[in-house]
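Peer 1:
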Amino acid sequence: MSIAGPRSRRDEQAARLLYRNRLLRALFLIGVTVVVGTLGYHLLEGWAYLDALYMTMITLTTVGYGETHPLNPPGRIFTMVLLVTSIGIAGYAVSTLGSFIIEGEFRRIVQGRRMDKQIAGLKNHIVLCGAGHTGEHIAAELYKSKTPFVIVEHNLDVIQQVQQIGDIPYLHADATQDETLRLAGIERASGLVAALGEDKDNLFIVLSARSLNPRLRIIARLLEEKNAEKLRKAGADEVVSPNAIGGLRMASLIIRPSVVSFLDEMLRVRGQTLRVEEVTLNDHSSLVGKTLVEADIGRRLGLLVVAIRSADREYQFNPRAQTVLKGGDVLFVIGTRNQVDALQQLGAP
């Protein structure tokens, strides 16, 4: 069943609480009616408690087994009142349960719990805040590259659109709230992308994410160039303007179309297709201290090292064979997914 308009996670929790309270209220009323009925028959008719309880149950359930013992006039009046009361309570319980199922709340609760379980199992994942036009493309690329990630989006229609890509974990919530980021596993995440449609919202997300996880790599979407420095000061590692990137790409397609096509082919994720990847060497890597020729990455793994970025962010393009590898170096290589995975094992054992 479709839902008109977006509902925040807080709204969903409030709806769940409302339905739970209504169901508990119905169960409570049934329990009270059973107790009152049992006591009523015991006091009015002088029956034993077991007989009084039995009479109460067959009256409430309307099974029609007949009277346990002959009833006097007060007992019959009490039975009629008990019948009317039980019908009212039963109607209330059935309507509550029916609306709970028909309105899709039951399905949402089950789906929400499944998503919560999926997200709780994520580690070293990406938190994607915002799944609009830009976020949808990011989600598609992360999904194709089999990178673990979770989407945080307040618009349910947008979530349903992105779910066409695949079964992606998501939170239907406000990404600018600290509690939402915690639910997305921000403390366990390796990266965050702030891709909301307003710079101020992305700024809030960057500030919160940086305070919750100082080691997090944060990429922020930028709409107005004047806000770039604010996002960096707030803690963004990289600030990306889709308009600027789009303009550069269009210019490149005019000036050097073959180069763009080549890079697209290298970066495309499709089965065992070659692609450009980065691998960071930690201090415990067996490659640290060796030269490129000693590491013999090309012969051992079939990878082509096209560049190295040192810990101080200086690049060496087409590095020399005698270049010594150090901890913190980032190797940019061309190869298949399996070849890159093998280098990852050597780079971060």
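In the working numbering, the protein residues as written are 536 to 884.
Where a beta carbon is used, it is the ideal one built from N, C-alpha and C, also for glycine.
Name the residue from Lys-679, Leu-881, Tyr-705, Lys-681 whose alpha carbon lies nearest to the alpha carbon of Ala-666.
Peer 2: Working through the sequence shown from its first residue, we reach residue 666 at position 131. Ranking Lys-679, Leu-881, Tyr-705, Lys-681 by Cα distance to Ala-666 puts Tyr-705 first.
Peer 1: For Asn-873 and Leu-663, I'd like the C-alpha separation in whole angstroms.
Peer 2: Taking the sequence shown and counting its residues from 1, one reaches residue 873 at position 338. Taking the sequence shown and counting its residues from 1, one reaches residue 663 at position 128. So the two alpha carbons sit approximately 26 Å from each other.
Peer 1: Hey, could you find the ends of the alpha helix (DSSP H) Arg-750 is sitting in?
Peer 2: In the sequence shown, counting from the first residue as 1, residue 750 sits at position 215. Segment: none, Arg-750 is in no alpha helix (DSSP H) and carries neither H nor E.
Peer 1: Could you check if Gly-610 is buried or exposed, using at least 16 other CB atoms within 10 Å of its CB as the buried criterion?
Peer 2: Taking the sequence shown and counting its residues from 1, one reaches residue 610 at position 75. Looking at its Cβ environment, which holds 16 or more other Cβ atoms inside 10 Å, Gly-610 is buried.
Peer 1: Quick one: is Val-616 buried, meaning 16 or more other Cβ sit within 10 Å of its Cβ, or exposed?
Peer 2: For the purposes of this step, residue 616 is taken as residue 81 along the sequence shown, with counting starting at 1. Looking at its Cβ environment, which holds fewer than 16 other Cβ atoms inside 10 Å, Val-616 is exposed.
Peer 1: With DSSP as the reference, label Thr-682 as helix, strand or coil.
Peer 2: Along the sequence shown, one-based indexing puts residue 682 at 147. Looking at Thr-682 - three-state DSSP - the assignment turns out to be coil, as it is neither helix nor strand.
Peer 1: Return yes when the Cβ of Glu-812 is within less than 9 Å of the Cβ of Val-875, no when it is not.
Peer 2: Sequence index remark: in the sequence shown, residue 875 carries index 340 (1-based). Sequence index remark: in the sequence shown, residue 812 carries index 277 (1-based). Cβ atoms of Val-875 and Glu-812: closer than 9 Å.
Peer 1: Assuming Leu-892 and Ile-721 are in contact, meaning their beta carbons sit under 8 Å apart, how far apart are those beta carbons, in whole angstroms?
Peer 2: What is shown of the chain runs 536 to 884, which leaves residue 892 out entirely.
Peer 1: Let me know the secondary structure DSSP gives Thr-871 once reduced to three states.
Peer 2: Locating residue 871 in the sequence shown gives position 336, counting from the first residue. Correct three-state label for Thr-871: coil.
Peer 1: Going by other Cβ atoms of all chains shown within 10 Å of its Cβ, with 16 needed for buried, is Ala-539 buried or exposed?
Peer 2: Position 4 of the sequence shown, counting from 1, holds the residue named residue 539. Because Ala-539 carries a pLDDT of 35, less than 50, the predicted location of this residue cannot be relied on, and the following value inherits that uncertainty. Classification for Ala-539: exposed.
Peer 1: Leaving out five residues on either side along the sequence, give the residues of the same chain with a beta carbon under 7 Å from the beta carbon of Ala-561.
Peer 2: By one-based count along the sequence shown, residue 561 stands at place 26. For Ala-561, where only same-chain residues beyond five positions count, the Cβ hits under 7 Å are Ile-624, Tyr-627, Ala-628, Thr-631.
Peer 1: Just list the residues that DSSP pairs Arg-844 with in beta bridges.
Peer 2: Counted from its first residue, the sequence shown places residue 844 at position 309. DSSP, once it has assigned bridges, lists Tyr-850, Val-865 as partnering Arg-844.
Peer 1: Since Ala-729 and Ile-700 are thought to touch, with beta carbons under 8 Å apart, how far apart are those beta carbons, to the nearest angstrom?
Peer 2: As a first step, residue 729 must be located in the sequence shown, where it is residue number 194. As a first step, residue 700 must be located in the sequence shown, where it is residue number 165. At roughly 20 Å, the Cβ-Cβ gap does not stay under 8 Å, so Ala-729 and Ile-700 are not in contact.
Peer 1: To which residues does DSSP link Val-814 through a beta bridge?
Peer 2: Residue numbering aside, residue 814 sits at position 279 when the sequence shown is read from its first letter. Its beta-bridge partners are Leu-866.
Peer 1: Any contact of the stretch 678-695 with the stretch 751-760, i.e. 3+ C-beta pairs under 8 Å?
Peer 2: Counting Cβ pairs under 8 Å, fewer than three are found: no touch.
Peer 1: Less than 9 Å between the C-beta atoms of Leu-588 and Val-619, yes or no?
Peer 2: Position 53 of the sequence shown, counted from the start, is the residue given in the question as residue 588. Position 84 of the sequence shown, counted from the start, is the residue given in the question as residue 619. Contact flag unset, no.
Peer 1: Can you tell me which of the three DSSP states Gly-566 falls into?
Peer 2: Walking along the sequence shown from the start, residue 566 turns up at place 31. Of the three classes helix, strand and coil, the one that applies to Gly-566 here is helix, per DSSP.
Peer 1: Tell me whether the beta-carbon of Thr-591 lies closer than 9 Å to the beta-carbon of Gly-572.
Peer 2: In the sequence shown, counting from the first residue as 1, residue 591 sits at position 56. In the sequence shown, counting from the first residue as 1, residue 572 sits at position 37. In this structure, Gly-572 lies closer than 9 Å to Thr-591 by Cβ.
Peer 1: Spatial neighbours of Arg-557 within its chain, please: CB distance less than 7 Å, with the 5 preceding and 5 following residues excluded, ordered by chain position.
Peer 2: Within the sequence shown, the letter at position 22 stands for residue 557. Here the set comprises Thr-631.
Peer 1: For Ile-694, which of helix, strand or coil comes out of DSSP?
Peer 2: As a working mapping, residue 694 is identified with position 159 in the sequence shown. In the structure shown, Ile-694 sits in a helix (DSSP, three-state: H, G or I).
Peer 1: So does the stretch 859-869 actually touch the stretch 812-822, counting three or more Cβ pairs closer than 8 Å?
Peer 2: With the cut-off at 8 Å, the stretch 859-869 and the stretch 812-822 touch.
Peer 1: Using the C-alpha atoms, what's the distance from Phe-563 back to Leu-553?
Peer 2: To locate residue 553, count along the sequence shown from 1; it is residue 18. To locate residue 563, count along the sequence shown from 1; it is residue 28. Near 15 Å, if we compare the C-alpha coordinates of Phe-563 and Leu-553.
Peer 1: Tell me Arg-717's beta-bridge partners as DSSP assigns them.
Peer 2: Position 182 of the sequence shown, counting from 1, holds the residue named residue 717. Answer is none; Arg-717 lacks a bridge partner.
Peer 1: Measuring CA to CA, which of Leu-836, Gln-851, Arg-848 is closest to Leu-881?
Peer 2: Here residue 881 refers to the residue found at position 346 when the sequence shown is read from its first residue. Checking every option, the nearest Cα to that of Leu-881 belongs to Leu-836.
Peer 1: Compute the distance between the beta-carbons of Glu-676 and Val-697, then report whether it is under 9 Å.
Peer 2: Stepping through the sequence shown from its first residue, residue 676 is reached at position 141. Stepping through the sequence shown from its first residue, residue 697 is reached at position 162. Taking 9 Å as the Cβ cut-off, Glu-676 and Val-697 do not qualify as a contacting pair.
Peer 1: Going by beta carbon distance, what residues of the same chain come within less than 6 Å of Pro-749, once the five residues before and after it are set aside?
Peer 2: The sequence position of residue 749 within the sequence shown is 214, counting from 1. Around Pro-749: no qualifying Cβ.
Peer 1: Can you tell me the Cβ-Cβ gap for Ala-724 and Ile-661, rounded? I've got them flagged as a contact below 8 Å.
Peer 2: Mapped onto the sequence shown, residue 724 falls at position 189. Mapped onto the sequence shown, residue 661 falls at position 126. Yes, they are in contact, since the Cβ atoms of Ala-724 and Ile-661 sit about 7 Å apart, within 8 Å.
Peer 1: Look at the alpha carbon of Ser-537 and the alpha carbon of His-668, and state the distance between them as a whole number of angstroms.
Peer 2: Working through the sequence shown from its first residue, we reach residue 537 at position 2. Working through the sequence shown from its first residue, we reach residue 668 at position 133. Confidence at Ser-537 is low in this model, with a pLDDT of 33, below 50, so its placement is unreliable and the value that follows should be read with caution. Their Cα atoms are separated by approximately 22 Å.
Peer 1: From Tyr-576 to Thr-596, what distance separates their C-alpha atoms?
Peer 2: For the purposes of this step, residue 576 is identified with residue 41 of the sequence shown, where counting begins at 1. For the purposes of this step, residue 596 is identified with residue 61 of the sequence shown, where counting begins at 1. Near 16 Å, if we compare the C-alpha coordinates of Thr-596 and Tyr-576.
Peer 1: Flag this pair as yes or no: are the beta carbons of Asp-734 and Leu-783 separated by less than 9 Å?
Peer 2: If you number the sequence shown from 1, residue 734 lands on position 199. If you number the sequence shown from 1, residue 783 lands on position 248. Not in contact: Asp-734 and Leu-783 (Cβ atoms no closer than 9 Å).
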